[in-house]
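Residue numbers (the working numbering), protein chains in the order written: chain G, 5 to 167; chain U, 1476 to 1798. By construction, the Cβ of each residue, glycine as well, lies at the ideal position given by its N, Cα and C atoms. Please read these numbers as outputs of a predicted model, since none were measured by experiment. Working notes, structure below.
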Amino acid sequence: MKKSIIAIALFAALMLTGCGGNEEAVEANATVSVAAASAPADITAAIMAEIEIPSAMEKNAESIGAYYDVDTSTVAEMSVFICGSGAYPDELAVFRFNDAESAKAGAEAVQSRLDSQIAIYKDYTPAEMYKLDEAVIITQNEWVAFAACADNARAKEIIESML
Amino acid sequence: MSYNDNKSSPADVAATIAILLLAAAITVLLCIYILKLGGAFDKKPEPVEIPHVISEITITETTTEEIIITTTSAVSEEETTPAVTIPLGEYDEAFFESTLIIGDSLSTGFVNYEFLPAEKVFAQAGLTPSSIMFTEVGGTLVYDKASALNPEYICIMLGTNGIAYLEADFMSEKMSLFIDELRTNCPESEIVLVSIPPVTAEHEIDVPETNIERIELYNSCIEKLAEEKDVIWVETYSILCDGTGYLADEYAETDGLHLKIHAYPVILSRIQETIMNAELAEEAETESSAETEVPSETTAGETTETTTTPETAESTEETTPNY
């Protein structure tokens, strides 16, 4: 009986230690990402470490077509998150295209997506419109980054610091 | 005759014991055989896979027989039980390969959460049974998408956006027109009406116009419409409730109206189950009509067997989903 109690206590202690360790790991990764960007996923991760994207769902090259009219063959890397439930217009998209010319076409596709979202949400959820009205689109060389979230100003800072 | 003459020899005693043991053994074997015979009637049927349907779903002999009973002995519709039971959330992707889902922001979740491909869903935030008829999504009208896809099933889950400011009757009328238009454009497709989900109690406080009373009224209107239009009706409200009539927290987005990822497999499994049962009921009805015209001895025999087994009815009740 004593052995069982000791075993349970040890297990509980290990579990508690494990949970605490994970939280620290997440924070550490976020800090590292902000300091040294190397991929679109680093940028979206850095933003999402600070700003919540509700019911965030990541989109890949196969599913991106439903949202962005981009030629995926011109995309070198991408990281896109949308609000899965459709309740909010929150969205993050960071593309690294093969070249600046492709990035220009990509930026147009991103603008088109923003326009479409504004048209849909302006009557649907006016209270959420500030996320779209103040949305950020940044184009730099082969990079295109888009943020429509609760704190677009902070998202912009993070993007600019990492590009 | 001397005393010694009457006394049995050891060999005789042994022979007698052997005979008695043999008789006892035969008696025991006979009893076991009789018990087994009796047990055969008690034995519950093994699940049988439907050969033409997906492997995860099973149909029991009991429930199949129940359909035969219902269709051949004119039992009332209320007594009909679903033949297929799909555990909530365990839908089959293949079933939805020839299905088009039409809806509002709630239905965008099927694509956003990647349960269905975008080409199988026509949905956009803000759509109502009225606006669906003239709104382009991605530059396409719903009729164009539906006729291009020509799906086996067209599932419509619309109405949430109108609950706050449109009357249930008005939306039902619009839905009726929409069904007619879809039938004109897709005559081969089976149309399916899906109830709209409840909202959370918190949402009802924030937006009193979108309350569960109005949602239930609208659902009952379109359920009636489904009957009038002879389309399949799928009830999903009850499976998303928390027991008090409001949307369960596990399924609710923070706004209390939209749905979290866990809600979608639940809805899809209910849609699949209801459609499959509707198809089976239709098949049974067709068979019944054919049997009425040309009665066969075999069918009559089967019917008699199933109706006289009380255990059959019992197991059928067990397979009835809790609506």
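Span separating the alpha-carbon of residue i from that of residue j
i, j, result
"Leu-136(G)", "Lys-126(G)", "9 Å"
"Val-148(G)", "Arg-100(G)", "7 Å"
"Ala-1590(U)", "Glu-62(G)", "Strictly speaking, residue 1590(U) in this sequence is Phe, with Ala absent from that position. Spanning the two alpha carbons is a distance of roughly 13 Å."
"Tyr-1588(U)", "Glu-1648(U)", "31 Å"
"Ala-1454(U)", "Val-1612(U)", "The structure shown does not extend to residue 1454(U), since chain U spans only 1476 to 1798, so no value can be given for it."
"Glu-95(G)", "Glu-1762(U)", "53 Å"
"Ile-162(G)", "Phe-85(G)", "16 Å"
"Ala-1515(U)", "Val-1709(U)", "Residue placement at Ala-1515(U) cannot be trusted, given a pLDDT of 39 that sits under 50; the coordinates are not used to answer."
"Arg-1745(U)", "Ser-1764(U)", "28 Å"
"Glu-1772(U)", "Glu-1758(U)", "Bear in mind that a pLDDT of 47 at Glu-1772(U), under 50, signals an unreliable position, so the model cannot answer this."
"Glu-1565(U)", "Ile-1742(U)", "10 Å"
"Ala-65(G)", "Thr-1635(U)", "32 Å"
"Asp-73(G)", "Val-79(G)", "12 Å"
"Ala-39(G)", "Ala-50(G)", "With a pLDDT of 44 at Ala-39(G), under the threshold of 50, the modelled position of this residue cannot be trusted, and the question is left open."
"Gly-1601(U)", "Leu-1652(U)", "19 Å"
"Asp-155(G)", "Ala-131(G)", "14 Å"
"Asp-1724(U)", "Leu-1624(U)", "35 Å"
"Thr-1767(U)", "Ala-1753(U)", "21 Å"
"Gly-90(G)", "Thr-1583(U)", "6 Å"
"Ala-111(G)", "Val-98(G)", "10 Å"
"Asp-1717(U)", "Val-1674(U)", "10 Å"
"Ala-157(G)", "Ala-53(G)", "15 Å"
"Tyr-92(G)", "His-1733(U)", "10 Å"
"Ile-47(G)", "Glu-1665(U)", "46 Å"
"Leu-1668(U)", "Cys-153(G)", "35 Å"
"Pro-1740(U)", "Met-1751(U)", "16 Å"
"Asp-119(G)", "Thr-1615(U)", "17 Å"
"Gly-1731(U)", "Asp-103(G)", "43 Å"
8 Å Cβ cutoff, residue i in contact with chain U
i, result
"Ala-72(G)", "The sequence as given places Tyr at residue 72(G); Ala does not occur at that position. It does not: the Cβ of Tyr-72(G) has no partner Cβ on chain U nearer than 8 Å."
"Tyr-125(G)", "yes"
"Ala-91(G)", "yes"
"Ser-67(G)", "yes"
"Ser-77(G)", "no"
"Ser-59(G)", "yes"
"Tyr-134(G)", "no"
Proximity test, Cβ basis, 8 Å: residue i and chain G
i, result
"Gly-1735(U)", "According to the sequence shown, residue 1735(U) is Lys rather than Gly. Lys-1735(U) counts as touching chain G."
"Asp-1730(U)", "yes"
"Gly-1601(U)", "yes"
"Ala-1593(U)", "yes"
"Glu-1531(U)", "Because the pLDDT at Glu-1531(U) is just 39, under 50, the model does not fix this residue reliably, and the value given afterwards should be weighed accordingly. No, Glu-1531(U) does not count as interfacial toward chain G."
Beta-ladder partner(s) of residue i, from DSSP
i, result
"Tyr-1628(U)", "Thr-1574(U) and Glu-1665(U)"
"Met-82(G)", "Phe-99(G)"
"Thr-1615(U)", "Val-1612(U)"
"Glu-1656(U)", "Answer by DSSP bridge pairing: none, since Glu-1656(U) is not bridged."
"Cys-1716(U)", "Leu-1722(U)"
"Val-1709(U)", "Val-1669(U)"
"Val-148(G)", "Phe-99(G) and Thr-143(G)"
"Met-1650(U)", "DSSP, once it has assigned bridges, lists no residue as partnering Met-1650(U)."
"Glu-62(G)", "Phe-85(G)"
"Ala-1727(U)", "Leu-1734(U)"
Interface residues of the region 1559-1588 of chain U facing chain G [CB-CB below 9 Å]: Residues are counted here when their Cβ sits less than 9 Å from a Cβ of chain G; for the region 1559-1588 of chain U these are Asp-1579, Ser-1580, Leu-1581, Ser-1582, Thr-1583, Gly-1584, Val-1586, Asn-1587 and Tyr-1588, given in chain order.
Every unbroken alpha helix (DSSP H) inside the region 1577-1604 of chain U [4 residues or more]: 1580-1587
Residues, ordered as in the chain, of the region 84-111 of chain G that lie near chain U by beta-carbon distance below 7 Å: Ile-86, Gly-88, Ser-89, Gly-90 and Ala-91
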